[in-house]
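*Asks:* Here it is, the structure, as structure tokens.
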Amino acid sequence: MPKTTFTINDKMIIDIDSVLFAEIAYPGAMGAAGIASIYIFEGERLKHYTFDVFKVKETASYNNLNKMFKIALKKQLLDYSYGGFGNHAFKNKNVKFERDDDSATLLLQKEHRRYKIKVSNMGVYSNIIADFAINPVDYGLVCSIINNNTKNLEDAEISFLKAYIDQCERMEKGMSWINIDVSDYCAAISLIKFNRGETVDDYDPAIDTEYSISSIQKYRLKYIVEKIGWTKLHRSINRFVKGRNKSLFAELDKILGEKQKISDKFMKIRNGKSDNTDLTSLDTSNLKNLFDYPTIINFEPSARKQIHEKILSGEVNLNANADSVAFYLMNYYWHLFDWGFDEIENVVWYIIDHCPNNDVNYTGVEKLFWVASHIINTHWKRLSGKENSVYEDKIVRHYSPRVGGLWPIIHYGEFKMNDGSAMSILNESIGFIVSVEPEKWLPGIKDFLLTDCALNSSHPAIKHFAEKLQGKIE
Numbered sequence: 003m004p005k006t007t008f009t010i011n012d013k014m015i016i017d018i019d020s021v022l023f024a025e026i027a028y029p030g031a032m033g034a035a036g037i038a039s040i041y042i043f044e045g046e047r048l049k050h051y052t053f054d055v056f057k058v059k060e061t062a063s064y065n066n067l068n069k070m071f072k073i074a075l076k077k078q079l080l081d082y083s084y085g086g087f088g089n090h091a092f093k094n095k096n097v098k099f100e101r102d103d104d105s106a107t108l109l110l111q112k113e114h115r116r117y118k119i120k121v122s123n124m125g126v127y128s129n130i131i132a133d134f135a136i137n138p139v140d141y142g143l144v145c146s147i148i149n150n151n152t153k154n155l156e157d158a159e160i161s162f163l164k165a166y167i168d169q170c171e172r173m174e175k176g177m178s179w180i181n182i183d184v185s186d187y188c189a190a191i192s193l194i195k196f197n198r199g200e201t202v203d204d205y206d207p208a209i210d211t212e213y214s215i216s217s218i219q220k221y222r223l224k225y226i227v228e229k230i231g232w233t234k235l236h237r238s239i240n241r242f243v244k245g246r247n248k249s250l251f252a253e254l255d256k257i258l259g260e261k262q263k264i265s266d267k268f269m270k271i272r273n274g275k276s277d278n279t280d281l282t283s284l285d286t287s288n289l290k291n292l293f294d295y296p297t298i299i300n301f302e303p304s305a306r307k308q309i310h311e312k313i314l315s316g317e318v319n320l321n322a323n324a325d326s327v328a329f330y331l332m333n334y335y336w337h338l339f340d341w342g343f344d345e346i347e348n349v350v351w352y353i354i355d356h357c358p359n360n361d362v363n364y365t366g367v368e369k370l371f372w373v374a375s376h377i378i379n380t381h382w383k384r385l386s387g388k389e390n391s392v393y394e395d396k397i398v399r400h401y402s403p404r405v406g407g408l409w410p411i412i413h414y415g416e417f418k419m420n421d422g423s424a425m426s427i428l429n430e431s432i433g434f435i436v437s438v439e440p441e442k443w444l445p446g447i448k449d450f451l452l453t454d455c456a457l458n459s460s461h462p463a464i465k466h467f468a469e470k471l472q473g474k475i476e
């Protein structure tokens, strides 16, 4: 029989069957570094103990708990889940928790008592809930409704359920709960502008409407979670998928209790105004936070100048603050006719030159590169004659180093980079390089574009300009 009792210190001997939940974070871990935490039953009462490896009087207890966890794992006496970034979690093999996603709490109903386990931090909670807790909603049933539309839902409701499932799955992988990036911001504003009859560059309703509606649903989901919390939302989704409520949005409107229906929210653009007094620092994500919902902000000239100077001086870390800068640039894009390209030109070329290839901090550097390129391309479309020729020289000068030569163009589709951001940036850069006039291309690229290999390239821009050069299209 495996050993089931362990001496932690002269006052504590633990029987493994009494352990309900435990965590240990090694020194250097993110969160509660160097802390061992354990919830144990003492009779009918649940007690919580913590030990800090950095406190001399608690070091031995911490180390003994660590030994106990290792033995329990080896002997399969406890269930285990990795909490991420040096954090480890364990639970009693005979329990499965319920979830409180709003407070990062695990719940256990035992006979007539309800026990609550507060997990050390949201990151650990997100990483372990898929292993340790019962799903609050039958995801399979939700996916079946989405795929088969058994309830005859509107497109917006289907899209909302997709956003809900996506966020739940992200949560259970330890990722951010509400994933709204600059592409969603762009798509949402584009749809709103298109619906009110405005011309939106590069917006094709036949192609882009589905994604734009999906982006709007992310904003609605974010709003609902902020208003009523995940727990109430899970319950509402559960009642709906099990047929207790016929209308999803009507059920959510009832809980929210607001005059405006959820189906009408975020179909208008919020307007904002900001001067330098709001911009205390670009070392945080405070710029991104200004765009929590579909908002266009009228930054004063002095504020814009301050932001641009910070970027061009290198004060802004384009890796850590990629999201923040990308949202600001996308906001500038909506003002491009009013504020002009001259004011932002040096900034976007600086980003093309200095944007990191690898997204080591998962801050969306490829999105930052894309927004800068989007502004560059939008201005390019307005040029002709000598202005266009000078601009193409800039295109080659700034994008050629991101491509690195002819080899990645010739062998495009034959390789993949380890970092998806690097591949995305390369894709974007190749598209610009092959778009300029032939005499300005990299040496040898014109000869390549006259080959069958170029005609069959999986890169749409390479294929398009090969067809154009070879007379396949006008």
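Numbering-wise, the sequence shown is residues 3 to 476 according to my numbering. Don't be surprised by glycine CBs; every beta carbon is placed ideally from N, CA and C. Please read these numbers as outputs of a predicted model, since none were measured by experiment.
Specify, as a first and last residue, the run of the beta strand (DSSP E) that Gly-415 falls within.
*Replies:* Looking at the DSSP string, Gly-415 is not in any beta strand (DSSP E), and its letter there is neither H nor E.
*Asks:* Would you tell me roughly how many angstroms separate the C-alpha atoms of Val-398 and Asp-157, rounded to the nearest one?
*Replies:* Straight across, the Cα-Cα distance linking Val-398 with Asp-157 is about 43 Å.
*Asks:* For the alpha helix (DSSP H) holding Asn-291, just list the boundary residues, first then last.
*Replies:* 288–291
*Asks:* Our contact map puts Ile-42 next to Ala-27 with C-beta atoms below 8 Å; I'd like the distance itself, whole angstroms only.
*Replies:* 18 Å between Cβ atoms; not a contact.
*Asks:* Going by DSSP, name the residue or residues bridged to Val-144.
*Replies:* BP columns for Val-144 are empty, so no partner.
*Asks:* Could you check if Ile-475 is buried or exposed, using at least 16 other CB atoms within 10 Å of its CB as the buried criterion?
*Replies:* So Ile-475 counts as exposed.
*Asks:* Report the partner residues of Glu-100 according to the DSSP bridge assignment.
*Replies:* Leu-109
*Asks:* Within 10 angstroms of the Cβ of His-50, are there 16 or more other Cβ atoms? Answer buried if so, exposed if not.
*Replies:* exposed
*Asks:* In chain order, what residues of the same chain lie with their CB nearer than 6 Å to the CB of Tyr-335, ignoring the 5 residues before and after it?
*Replies:* Ile-377
*Asks:* I'd like the list of long-range same chain contacts for Lys-95, defined as Cβ closer than 6 Å, with 5 residues on each side in sequence excluded.
*Replies:* Cβ neighbours of Lys-95 beyond the five flanking positions: Asp-81.
*Asks:* Where do the N-terminal and C-terminal ends of the beta strand (DSSP E) with Leu-48 fall, by residue?
*Replies:* 47–54
*Asks:* Look up His-381 in the DSSP assignment and say whether it is helix, strand or coil.
*Replies:* helix
*Asks:* How would you label Gln-262, buried or exposed, when you count the other beta carbons within 10 angstroms and need 16 or more for buried?
*Replies:* exposed
*Asks:* Taking contact to mean 3 or more Cβ pairs, one atom from each stretch, closer than 8 Å, check whether the segment 221–235 and the segment 125–132 are in contact.
*Replies:* no
*Asks:* Can you confirm whether the segment 427–444 touches the segment 459–470 when touching is taken to mean that 3 or more C-beta pairs between the two stretches lie within less than 8 Å?
*Replies:* yes
*Asks:* When DSSP labels each residue in this structure, what does Asp-12 get in the three-state scheme?
*Replies:* coil
*Asks:* What does the Cβ neighbour count give for Asp-325, buried or exposed, with the cut at 16 atoms within 10 Å?
*Replies:* Burial call: buried.
*Asks:* For Trp-409, does the three-state DSSP call read helix, strand or coil?
*Replies:* helix
*Asks:* In chain order, what residues of the same chain lie with their CB nearer than 7 Å to the CB of Ser-185, ignoring the 5 residues before and after it?
*Replies:* Lys-369
*Asks:* Tell me whether Trp-409 is buried or exposed, calling it buried when 16 or more other Cβ atoms sit within 10 Å of its Cβ.
*Replies:* exposed
*Asks:* From Leu-457 to His-400, what distance separates their C-alpha atoms?
*Replies:* 26 Å
*Asks:* May I have the straight-line CA-CA distance separating Ala-189 from Lys-290, to the nearest angstrom?
*Replies:* Taking the straight line joining both Cα atoms gives about 16 Å.
*Asks:* Evaluate the contact criterion for the segment 62–69 versus the segment 99–119: three or more CB pairs, one atom per stretch, below 8 Å.
*Replies:* As far as the Cβ criterion goes, the segment 62–69 does not touch the segment 99–119, which means the pair count is below three.
*Asks:* Looking at the unbroken alpha helix (DSSP H) that takes in Gly-316, where does it start and where does it end?
*Replies:* Taken as a continuous stretch (DSSP letters only), Gly-316 belongs to no alpha helix (DSSP H), as it is neither H nor E.
*Asks:* Among the residues of its own chain, which have a CB less than 7 Å from the CB of Ile-194, if the five just before and after it don't count?
*Replies:* Met-269, Lys-270, Ile-271, Pro-296.
*Asks:* Answer yes or no: do Phe-371 and Phe-329 have a C-beta to C-beta separation smaller than 8 Å?
*Replies:* no
*Asks:* Buried or exposed, going by whether 16 or more other CB atoms sit within 10 Å of the CB of Gly-366?
*Replies:* buried
*Asks:* Mind checking which residues open and close the beta strand (DSSP E) that includes Arg-116?
*Replies:* 115–120
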